[in-house]
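Protein chains in written order, with my numbering: chain A, 3 to 586; chain B, 43 to 393.
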Amino acid sequence: MPISLVDAESLIAIDVGSVSTRAFLFDVVDGRYRFLASGSAPTTANAPFNDVSEGLRIALENLQAITGRVLLGGDERLIIPSMPDGSGVDVVAATISAGPPLRVVLVGLLEDVSLESARRLASTTYVRVVETLSLNDRRKTESRIDAILRLRPDLVLIAGGTDGGASQSVLKLLESVGLANYWLPQENRFEVLFAGNQKLEAEVKATFGRLGPLHIAPNVRPELGTERFQVAQIQLANIVRNVRSQQLVGVKELDNWSGGGLFPTATSFGRAVRFLTRIYDSAKGVLGVDIGASATTMAAGFAGELVQAVFPHLGLGHGATGILHQATVSEIRRWLHIDLSDDDIRHYVYNKALYPNSLPETPEDLAIEQVMARLAMRLALREISPGFPEHSFHYGPALLPWFEPIVATGSVLTRAPNFGQSVLMLLDGIQPTGITTLVLDQNHISPALGVSAAINPILAVQVLESNTFQNLGTILSPIGDAKPGTPVLRVRMSIDGGSETSMDIKQGSIEVLQIPQGQEAQLSLTPLQRYDIGMGGSGRGGRLRVRGGALGVIIDARGRPISLPHDPARRRELISKWRWILGC
Amino acid sequence: MLAEVTHILPVTLIRRERMLPIPGRVLVRKGQKVSATDVIAEANLNPEHLLLDIARGLGLPEEKADRYLQCKDGMRVAQGDILAGPVGWAKRVVRSPRGGRVILAGDGKVLLELDSPPFEMKAGIPGMVIELRENRGVTIETSGALIQGVWGNGQIDYGLMFVLVRSPDDTLTTDRLDVSMRGSLAIGGYCGDAEVLRTADSLPLRGLVLASMDAALVSEAARMRFPIMLIDGFGKLPMNMAAFKLLTTNERREAAVNAENWDRFKGVRPELVIPLPASGDLKAPREVGYFEAGQQVRILRAPHKGKIGTLVALQPGINRLPSGVQTKTVIVKLENGDEVVVGLVNCEILE
Numbered sequence: 003m004p005i006s007l008v009d010a011e012s013l014i015a016i017d018v019g020s021v022s023t024r025a026f027l028f029d030v031v032d033g034r035y036r037f038l039a040s041g042s043a044p045t046t047a048n049a050p051f052n053d054v055s056e057g058l059r060i061a062l063e064n065l066q067a068i069t070g071r072v073l074l075g076g077d078e079r080l081i082i083p084s085m086p087d088g089s090g091v092d093v094v095a096a097t098i099s100a101g102p103p104l105r106v107v108l109v110g111l112l113e114d115v116s117l118e119s120a121r122r123l124a125s126t127t128y129v130r131v132v133e134t135l136s137l138n139d140r141r142k143t144e145s146r147i148d149a150i151l152r153l154r155p156d157l158v159l160i161a162g163g164t165d166g167g168a169s170q171s172v173l174k175l176l177e178s179v180g181l182a183n184y185w186l187p188q189e190n191r192f193e194v195l196f197a198g199n200q201k202l203e204a205e206v207k208a209t210f211g212r213l214g215p216l217h218i219a220p221n222v223r224p225e226l227g228t229e230r231f232q233v234a235q236i237q238l239a240n241i242v243r244n245v246r247s248q249q250l251v252g253v254k255e256l257d258n259w260s261g262g263g264l265f266p267t268a269t270s271f272g273r274a275v276r277f278l279t280r281i282y283d284s285a286k287g288v289l290g291v292d293i294g295a296s297a298t299t300m301a302a303g304f305a306g307e308l309v310q311a312v313f314p315h316l317g318l319g320h321g322a323t324g325i326l327h328q329a330t331v332s333e334i335r336r337w338l339h340i341d342l343s344d345d346d347i348r349h350y351v352y353n354k355a356l357y358p359n360s361l362p363e364t365p366e367d368l369a370i371e372q373v374m375a376r377l378a379m380r381l382a383l384r385e386i387s388p389g390f391p392e393h394s395f396h397y398g399p400a401l402l403p404w405f406e407p408i409v410a411t412g413s414v415l416t417r418a419p420n421f422g423q424s425v426l427m428l429l430d431g432i433q434p435t436g437i438t439t440l441v442l443d444q445n446h447i448s449p450a451l452g453v454s455a456a457i458n459p460i461l462a463v464q465v466l467e468s469n470t471f472q473n474l475g476t477i478l479s480p481i482g483d484a485k486p487g488t489p490v491l492r493v494r495m496s497i498d499g500g501s502e503t504s505m506d507i508k509q510g511s512i513e514v515l516q517i518p519q520g521q522e523a524q525l526s527l528t529p530l531q532r533y534d535i536g537m538g539g540s541g542r543g544g545r546l547r548v549r550g551g552a553l554g555v556i557i558d559a560r561g562r563p564i565s566l567p568h569d570p571a572r573r574r575e576l577i578s579k580w581r582w583i584l585g586c
Numbered sequence: 043m044l045a046e047v048t049h050i051l052p053v054t055l056i057r058r059e060r061m062l063p064i065p066g067r068v069l070v071r072k073g074q075k076v077s078a079t080d081v082i083a084e085a086n087l088n089p090e091h092l093l094l095d096i097a098r099g100l101g102l103p104e105e106k107a108d109r110y111l112q113c114k115d116g117m118r119v120a121q122g123d124i125l126a127g128p129v130g131w132a133k134r135v136v137r138s139p140r141g142g143r144v145i146l147a148g149d150g151k152v153l154l155e156l157d158s159p160p161f162e163m164k165a166g167i168p169g170m171v172i173e174l175r176e177n178r179g180v181t182i183e184t185s186g187a188l189i190q191g192v193w194g195n196g197q198i199d200y201g202l203m204f205v206l207v208r209s210p211d212d213t214l215t216t217d218r219l220d221v222s223m224r225g226s227l228a229i230g231g232y233c234g235d236a237e238v239l240r241t242a243d244s245l246p247l248r249g250l251v252l253a254s255m256d257a258a259l260v261s262e263a264a265r266m267r268f269p270i271m272l273i274d275g276f277g278k279l280p281m282n283m284a285a286f287k288l289l290t291t292n293e294r295r296e297a298a299v300n301a302e303n304w305d306r307f308k309g310v311r312p313e314l315v316i317p318l319p320a321s322g323d324l325k326a327p328r329e330v331g332y333f334e335a336g337q338q339v340r341i342l343r344a345p346h347k348g349k350i351g352t353l354v355a356l357q358p359g360i361n362r363l364p365s366g367v368q369t370k371t372v373i374v375k376l377e378n379g380d381e382v383v384v385g386l387v388n389c390e391i392l393e
C-alpha cells in the first residue's frame, strides 16, 4: 500500500535489552516503509552506570555513523521531530527488558482459579513470583504480613473473586497486603495491581490508595470459565516501566521520547505476534519464540488472542543454571552429537551463567549452547501450552498446535554459524506439526514492530512485507504411527520454470528439498499410512505453493515427540546424520 | 566497546558502599576504623508481627472497643503492658504478650511489631568509614591488595592467610587441611571433593579461596558457614597467574573475604582484600573500560579460559571463531608467548 510521503513519519525503535541496546531506523523509501539500519551498544543498566542513557547514546551514535543521518543534537539528545535539513526523527517507540525480574507476590482466592490467572498474567512479563497468598493459605494475617515484608516485593498482584462473587474472603487476604505496605517506608512501598472482583474497587482504593502506587484493571477472571488479560497486561507494563524508572536513570527520558509509550520488550514481542495473526488471517496460530540471555519468551497468537509467557529461569545467560534445575545434565547430553561428559556440560552451564554475554569459541561449547536452547524451548512450551485454546490442538495436548508462521529470534539462533543449525534447533525445540514456515528475525526487530504497530500500523505491515525477516524454510511434519523406515509421505515438487523432484519420505527421517532463494515451487503431498499432514485429516493430501527460503522445504518425519535411540553411539550417529542433511 | 574490568591488584585504593535494603540504623561514625566482620548498620529486615483482636479480648463490639485503647500508633510497649481496657466489673484488659512497637491501633485491633533481632550488616572489608548515609549505610575506604572473584557463597570473614596452592593447577585435598589452620583463611587451587569443604567447616576455617571448584559442589558450598570464593570459575581451572603471584607473595598476612554473589546490576562481586599501608597517592581503580591494545586481559571461554595475556590488536570487521560463530575478534598474546585470536566479548580487562 503506497502512502503519501507528506504524511510519512520516520520512526526510531529503541530496545534496551539486558545485553545490548539497539536503535532501529524506519523510514519511507520509494513510497513504502523500510527498515533502514540499526545501531547497537552494550546496555549500561548495570553498575557502575545504572543509567541506560550511555548505552542509548552510543547506539544512536552508531546508527548515525551507519546511516549518515544526524540523530543527536548538540546536547546529545535525540532530535524529535525531524528537521527540514533531514536530521532527527519524527516518532520514537521504545521497549526495555534490562534489569532484574520484578519480585511479585500473587494474591488470589483459589489456587487453581484466580491464583492461576494471576500467575498467567504475571508470567507475561519479567517477573519472579516470590510468594502466593490464597484461601488455602492457613497462615495468620500477621504471618502473611511478615512473609511479604521479608520478601520485599516490587509488586503485589491481586486477582480473585468473580465479578459480583466472594468479597469478604478477598478483603481478608488484602488486609495483610495493606498492612505490610503501611509498615514500609514511603520510598520502599510496593506497587499494587488489583484485577479481581470489580465490586471491591472502591474498598481497594480506600485501603491501598494512600499507601502507595495502586493500579486497577478489569477482573482477569470475571467468570469461572473466562480469562481476560488485555487491560491488566497494559497495567502490568506500566508497572514494569514505573519500577524500571526508579531503578535506572535514563528510563524516564526514554519514556518521554516515546510519548509515554515505553513497553517491556516481551509485551511488544507479544503484540507483534498478535499483529501477525491479523495479517496472516490464518486458521492456524502464530508462534513467536525469543531465546535471550536473561529469559526465553513464548508468544502464541490465535485469531487475535494472545497466550504469552516470559521464562526468566530459561534464559541462556544468567538463567542457564535454571535450565539445569528443570532438565538433568543427561537430558542435555542426549541431544549432543558429540561425546561430552556430564562434568563438561555442568561446568559449561555454570561458567556461562558467570559470563552471560560470552560466546562459544569451540565447537563443543557451541553444541552445548545449542542444546540448551532446544531445552529452553521444550520446557517453555511445556509450561505455556496448557494455556492454548482447546480447539487449537489437532493431535491432543501433547503435540503442538498448527502454527503459521513460527517467528524466532534470540542470539543463539541468529548467531548460529549457518541456517541449518538454526533450523535444527527450532525443529528439535519446538517440534512443529503439519505445515509451517520458520522465520528468523535476525535483527531482533519484532518487539520494535510490535510497539510500532500501535503507533503506525502501516509501517509494521510494510516492513513485514519487505523481507526484513529471513525465511528459513517450509516445514512439513507429518503425524501418524508407523515403524521407522516406512514411507509415510509422498512429495512431488515442481520448481517454477525448473526441475521436478519426487520422493517418498520414510518415518524417522528428515529430508531437505532445495528451492533457490526467491523462487516458488508447487508441492503435491500425498500422505501414506493414513498420516496427517494438516490438509484436512488423516490420509488427506493436496497441493501447496511454497517460496524458497534459506533451506527450501524441510520434511521432518522424525515423529512427534521426537524419540532418540537409547544407545549413546547410535544416538550421536543419528543426530550427526540429521545435522549433515541440514548442512549444519 | 565497553568492557568489564576485574581487579587483581597488588595495592590499590578500595572504596565500597555498604547500604541497607531498607532504612535502619547506622552504627558507626565517620572516620571510624572497622574490620570486615564489624556490624556497621542494622535494620529490621525480617520483622515479626502480632495482630491482636482487642474487641474480642475485651468482649466488646469493634466500634466500642476503640474507646478503651490505651496505646497509639508508634508507641513502644513492654511485655505485660496494658494495650486496652479495663472494661466492666471484672476490669478485663488486653496486655501485650511481648515487647514491641504499636504499628496500628483501631477498628478493634492492634498490630504490634515485636522486638526481634535485627539484620546486622557487616563491613565486608576492613578500613575507615569515610561517608555516612543517614539510616542507609556507609562508604568504607581502605588500601591494599585486591583480588576479585567470580562466585561466592554469601559469607564474610577475615583471618590469617595460609597459601595451600603450590602451583596454579594444584588440587586441594583434605590431607592439606589440619588443625593448625583453625581460624585462618586457606587459599587453594581446584576443589573437586565435598569432603574438603566439610573438613574446612569442621576445623573451622574462617574462609576458603579457591581457583576453581566442581560445579556439583555448589549447593554444598552454599551451605557452608564460612566464606568460599572462586577466583576463576567452575571445572578444573588453574588459578590465573596474576592471582597466584599475588597470593603466594602475601602468605601469612591478614585478609578479608567478602564472598558476596556476583550481581552486576548492584555492582557487587566476591573479593579478597589484603590490607596494606598506602604509599603515595593511590586512586580507586575503574570499574569499566574500553578495550585497547596493550591492555592485560583475561580470556573467559574455552579453550583458553582463565588465561591472561596482552591485547595485541582489535581485528577489523567480523571474524569467525573456531565454533563458526561470527563476531568481533582480538589478538591476545598469552604469557607463554603464544598469540591467539578470541572473541572480543570473551575477554575482560584485568587490572
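Note that beta-carbon positions come from the ideal geometry of N, C-alpha and C, so glycine has one too.
- Shown in chain order are the members of the segment 243-268 of chain B whose Cβ falls below 8 Å from a Cβ of chain A: Asp256, Ala257, Ala258 and Val260.
- Cβ-Cβ separation between leucine 238 of chain A and phenylalanine 192 of chain A: approximately 14 Å, too far for a contact (criterion under 8 Å).
- Just so you know, the alpha carbons of asparagine 458 of chain A and serine 169 of chain A end up roughly 42 Å apart.
- Listed along chain B are Phe307, each with a C-beta nearer than 8 Å to that of alanine 47 of chain A.
- Distance from the Cα of aspartate 211 of chain B is smallest, within the candidate group B:Asn195, B:Ala253, B:Arg240 and B:Leu174, for B:Ala253.
- Sequence-distant partners of tryptophan 259 of chain A (beyond 5 residues in either direction) whose C-beta falls short of 7 Å from its own C-beta, in its chain, are Leu80, Ile82, Val94 and Ala96.
- Apart from sequence neighbours up to five positions away, the residues of its chain that approach proline 128 of chain B with a beta-carbon distance below 7 Å are Arg134 and Val135, ordered along the chain.
- Per DSSP, isoleucine 497 of chain A is not a residue of any alpha helix (DSSP H); the beta strand (DSSP E) it occupies stretches across 489-497.
- At a C-beta separation below 9 Å, isoleucine 96 of chain B has no neighbours in chain A, since its nearest C-beta there lies roughly 14 Å away.
- When A:Asp344, A:Gln200, A:Thr488 and A:Ser454 are compared, the shortest CA-CA separation from glycine 263 of chain A is found for A:Ser454.
- DSSP places tyrosine 352 of chain A in the uninterrupted alpha helix (DSSP H) bounded by 344-356.
- When C-alpha distances from valine 463 of chain A are compared across A:Arg36, A:Ala15, A:Asn48 and A:Arg24, the shortest belongs to A:Arg36.
- Counting the other Cβ atoms within 10 Å of the Cβ of glycine 539 of chain A gives fewer than 16, which makes it exposed.
- DSSP places threonine 439 of chain A within a strand segment (E or B) once states are collapsed to three.
- Sequence-distant partners of alanine 124 of chain A (beyond 5 residues in either direction) whose C-beta falls short of 7 Å from its own C-beta, in its chain, are Val106, Leu108, Val131 and Leu159.
- For the 8 Å CB-CB criterion, lysine 325 of chain B and methionine 170 of chain B do not form a contact.
- Within the DSSP secondary-structure output, methionine 255 of chain B pairs in a beta bridge with B:Cys233 and B:Phe276.
- For alanine 78 of chain B, the secondary structure class from DSSP, reduced to helix, strand or coil, is coil.
- For serine 360 of chain A, the C-beta contacts it makes with chain B under 7 Å involve Leu342, Arg343, Val387 and Asn388, in order along the chain.
- Nearest in C-alpha terms to phenylalanine 196 of chain A, of all of A:Pro187, A:Leu175 and A:Gln188, is A:Leu175.
- Across the set A:Gly487, A:Gly306 and A:Ala297, the C-alpha of A:Ala297 shows the shortest separation from the C-alpha of proline 103 of chain A.
- Taking a Cβ-Cβ cut-off of 9 Å, glutamate 381 of chain B has no neighbours in chain A, whose nearest Cβ is about 15 Å from it.
- Linking glycine 57 of chain A to histidine 49 of chain B through their CA atoms gives a straight-line distance of about 23 Å.
- Taking 8 Å as the CB threshold, aspartate 17 of chain A stays off the interface with chain B.
- Under the Cβ criterion (8 Å, minimum of three pairs), the segment 288-296 of chain B counts as touching the segment 189-203 of chain B.
- A contact between stretches requires three or more CB pairs, one per stretch, nearer than 8 Å, and the segment 245-252 of chain A fails this requirement with the segment 292-307 of chain A.
- A Cβ-Cβ contact shorter than 8 Å links valine 238 of chain B with leucine 214 of chain B.
- Each of B:Val152, B:Asn388, B:Ala120 and B:Gly359 was checked against the Cα of alanine 126 of chain B, and the nearest Cα belongs to B:Val152.
- Per DSSP, reduced to three states, the secondary structure at glutamine 368 of chain B is strand.
- Taking all protein chains in view, the Cβ of histidine 327 of chain A is surrounded by fewer than 16 other Cβ atoms within 10 Å, so the residue is classified as exposed.
- By the CB criterion at 8 Å, leucine 478 of chain A and isoleucine 437 of chain A fall inside the cutoff.
- Of the residues B:Glu393, B:Val387 and B:Leu392, the one whose Cα lies closest to the Cα of proline 44 of chain A is B:Val387.
- Taking C-alpha positions only, lysine 201 of chain A is separated from aspartate 148 of chain A by approximately 28 Å.
- Per DSSP, alanine 285 of chain A lies in no alpha helix (DSSP H) and is assigned neither H nor E.
- The criterion of a C-beta distance shorter than 8 Å is satisfied by aspartate 243 of chain B and phenylalanine 268 of chain B.
- Using a Cβ-Cβ distance cut-off of 8 Å, the segment 417-424 of chain A and the segment 393-407 of chain A are not in contact, since fewer than three pairs of beta carbons, one from each stretch, lie closer than that value.
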